[in-house]
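Visitor:
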Amino acid sequence: MTVRNIASICNMGTNASALEKDIGPEQFPINEHYFGLVNFGNTCYCNSVLQALYFCRPFRENVLAYKAQQKKKENLLTCLADLFHSIATQKKKVGVIPPKKFISRLRKENDLFDNYMQQDAHEFLNYLLNTIADILQEEKKQEKQNGKLKNGNMNEPAENNKPELTWVHEIFQGTLTNETRCLNCETVSSKDEDFLDLSVDVEQNTSITHCLRDFSNTETLCSEQKYYCETCCSKQEAQKRMRVKKLPMILALHLKRFKYMEQLHRYTKLSYRVVFPLELRLFNTSSDAVNLDRMYDLVAVVVHCGRTLVQGPRVSTPVCAACAEALAGSRMKALLSPAPSSTVTTNCWCGSEHLGCGDAKLTCAPGKTHAPAFRGFRIEVSLQ
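Numbers in our numbering are just positions in the sequence shown, counted from 1, shifted up by 209.
Encoded structure:
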């Protein structure tokens with residue numbers, strides 16, 4: 210796998226056209242655009258996530274549909290919709306766009322991002338998705354209240370006033386079930402918990418499949434960690450495990466690459482090689498799981514390039530379907546760290562050394578150079 214930078218931000222206008230000519234218009238999907246985002250002082254944590262979300266088709270389509278509703282009050286979602294609309298309506302296929310309005314609104318709404326320091330991309334993703342969901346739920350609530358006032362029906366049962374699920378939940382939300390089995394009476398209790406992404410630990414020489422398997426490993430509760438069994442009415446030894454009960458449309462995985470080292474009194478990055486399958490099916494599911502056979506295609510990876518929590522750019526790397534399709538028989542590829550060339554031949558990465566600071570064309574294993582083509586609906590997010 211080879212990646213080449215071919216343009217700096219100052220010459221993007223000229224080189225963007227050269228890139229289109231060099232690659233050939235037939236390589237670009239119809240109505241698709243590939244634009245970098247300008248970095249406003251260490252905003253790569255934000256830009257990289259936005260790039261991944263833009264190429265998540267269900268998410269982008271809903272954001273653009275929100276733009277079409279002509280909302281008047283500015284919020285984070287309207288700013289995101291304006292940004293996505295600006296990209297989607299560009300005449301050129303490639304280039305750079307400054308997300309100034311979105312960044313300004315983000316810094317205004319959350320003090321955590323109101324500075325020029327490196328931030329956590331995973332935390333930003335969670336904040337963005339939850340904020341969008343809150344905005345949509347509040348608007349639905351206001352619409353209902355306005356409808357009640359109009360119809361004179363203000364005595365609707367309270368249960369109907371619960372927050373409604375939004376398209377954010379429809380796209381990203383899954384359900385975990387925490388199963389606990391008392392080793393004394395064998396009673397099994399379970400508790401469901403919704404999630405928008407899964408955070409998994411990483412170990413040396415591992416793969417995403419193994420990370421997910423470890424996530425659902427059975428844990429024994431004993432000694433001071435004994436479980437209070439309501440059937441036995443006392444604390445008992447027990448076993449617990451996590452299972453996926455409802456699979457989301459889009460599975461967002463967060464690799465916990467920073468670990469606090471007691472002896473060093475600081476966080477250390479775990480730069481372990483993690484192997485990704487191009488296609489993933491979850492096997493750590495509960496017996497009553499919904500959509501048990503759902504298959505996930507790898508679409509994008511957000512990678513932290515530094516060695517510490519406060520250093521290093523974040524790069525969003527799209528997966529090229531044009532090459533991956535021809536290599537279905539050899540799916541396990543190392544995407545996050547160097548590996549022998551024989552194992553890294555299927556995927557194309559965005560070639561910008563720092564997202565938004567350059568454009569790139571993609572050179573694939575067969576030697577073809579073309580624009581990135583995206584498939585599937587999955588985002589991979591690595592802790593920044």
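All residues carry an ideal CB built from backbone N, CA and C; glycine is no exception.
Report the rounded CA-to-CA distance for H378 versus C255, giving the unit in angstroms.
Guide: Distance between the alpha carbons of H378 and C255: 21 Å.
Visitor: Spell out a yes or no on whether the segment 380-388 and the segment 447-464 are touching, meaning 3 or more CB-CB pairs, one atom from each, closer than 8 Å.
Guide: Contact between the segment 380-388 and the segment 447-464 is present, because at least three Cβ pairs lie under 8 Å.
Visitor: Check the DSSP bridge columns for I306 and list the partner residues they point to.
Guide: DSSP lists L246 as partners of I306.
Visitor: Would DSSP call L594 helix, strand or coil?
Guide: Within the shown structure, residues of the chain are numbered from 210 to 593, placing residue 594 beyond reach of any answer.
Visitor: When DSSP labels each residue in this structure, what does V258 get in the three-state scheme?
Guide: The answer is helix: DSSP assigns V258 an H, G or I state.
Visitor: The beta strand (DSSP E) spanning Y505 covers which residue range?
Guide: Start and end: 504-506.
Visitor: Check whether the Cβ atoms of D506 and H463 lie closer than 8 Å to each other.
Guide: In this structure, H463 does not lie closer than 8 Å to D506 by Cβ.
Visitor: When the Cα of V484 is compared with those of T477, T494, F492, V510, which residue comes out closest?
Guide: Nearest C-alpha to V484: V510.
Visitor: Among Q448, Q260, I344, which residue has its Cα nearest to the Cα of V512?
Guide: Taking only the C-alpha atoms, the option nearest V512 is Q260.
Visitor: Just to confirm, is the Cβ distance from N393 to C442 under 8 Å?
Guide: Cβ atoms of N393 and C442: not closer than 8 Å.
Visitor: Which of the three DSSP states is assigned to Q299 in this structure?
Guide: Three-state DSSP puts Q299 in coil, outside helix and strand.
Visitor: Roughly how far, in whole angstroms, is the beta-carbon of Q346 from the beta-carbon of P372, given that I think they are within contact range, below 8 Å?
Guide: Confirmed, Cβ separation roughly 5 Å.
Visitor: How many Å lie between L489 and L285 at the Cα?
Guide: C-alpha separation (whole angstroms): 32 Å.
Visitor: Please classify Y437: is it buried, with 16 or more other beta-carbons within 10 angstroms of its beta-carbon, or exposed?
Guide: When all chains shown are included, Y437 counts as exposed.
Visitor: In its own chain, which residues sit with a C-beta less than 7 Å from the C-beta of F311, not counting the 5 before and 5 after it?
Guide: Cβ neighbours of F311 beyond the five flanking positions: C288, L289, L292.
Visitor: Nearest by alpha-carbon distance to K301: which of W376, E241, K282 is it?
Guide: For K301, the nearest C-alpha among the options comes from E241.
Visitor: My output table needs one value for C557: the three-state DSSP class, helix, strand or coil.
Guide: Annotation note: pLDDT 31 at C557 (below 50); position unreliable, coordinate value reported separately. If DSSP states are grouped into helix, strand and coil, C557 belongs with coil.
Visitor: Rounded to the nearest angstrom, what separates I239 and L321 at their Cα positions?
Guide: Their backbone Cα atoms lie some 39 Å apart in a straight line.
Visitor: Taking only the alpha-carbon atoms, compute the straight-line gap between R316 and K309 and give it to the nearest angstrom.
Guide: Their backbone Cα atoms lie some 11 Å apart in a straight line.
Visitor: Going by the CB atoms, is the gap between T386 and D401 shorter than 8 Å?
Guide: Yes; because the gap between Cβ atoms is below 8 Å, this pair is in contact.
Visitor: With DSSP collapsed to three states, give me the class of L392.
Guide: Three-state result, L392: coil.
Visitor: Measuring CA to CA, which of V453, Y263, I341 is closest to R503?
Guide: Residue V453 is the option with its Cα nearest to R503.
Visitor: So, with DSSP's three-state summary, where would you put N493?
Guide: Of the three classes helix, strand and coil, the one that applies to N493 here is coil, per DSSP.
Visitor: What are the boundary residues of the beta strand (DSSP E) that H474 is part of?
Guide: Run containing H474: none; DSSP gives neither H nor E here.
Visitor: For D406, does the three-state DSSP call read helix, strand or coil?
Guide: Of the three classes helix, strand and coil, the one that applies to D406 here is coil, per DSSP.
Visitor: If distances are taken between C-alpha atoms only, which option among N251, R466, Y243 comes closest to D323?
Guide: When only C-alpha atoms are compared, the closest one is N251.
Visitor: State buried or exposed for H474, treating a residue as buried only when at least 16 other CB atoms are found within 10 Å of its CB.
Guide: Label assigned to H474: exposed.
Visitor: According to DSSP, simplified to helix, strand and coil, what is E283?
Guide: Three-state DSSP puts E283 in coil, outside helix and strand.
Visitor: Buried or exposed: where does K276 fall if 16 or more other Cβ atoms within 10 Å of its Cβ makes it buried?
Guide: K276 should be labelled buried.
Visitor: Do you know offhand how far R466's Cα is from S313's?
Guide: Going by the C-alpha atoms only, they are around 29 Å apart.
Visitor: Give me the residue from D343, F264, L246 with the minimum Cα distance to V305.
Guide: Measuring from the Cα of V305, the nearest candidate turns out to be L246.
Visitor: Within this structure, are the beta carbons of C391 and Q445 separated by less than 8 Å?
Guide: The answer is yes: Cβ separation under 8 Å.
Visitor: Is N355 helix, strand or coil by DSSP?
Guide: Three-state DSSP puts N355 in a helix.
Visitor: Using CA atoms only, rank isn't needed, just tell me which of L501, E332, E439, N335 is closest to S399.
Guide: Cα-wise, what sits closest to S399 is E439.
Visitor: Got a sec? Which residues, its chain only, sit under 6 Å from A548 by beta carbon, not counting five neighbours each side?
Guide: Residue placement at A548 is poorly supported in this model, since its pLDDT is 30, which falls under 50; the coordinates still yield a value, given next. So the list is empty, once near-sequence residues are dropped.
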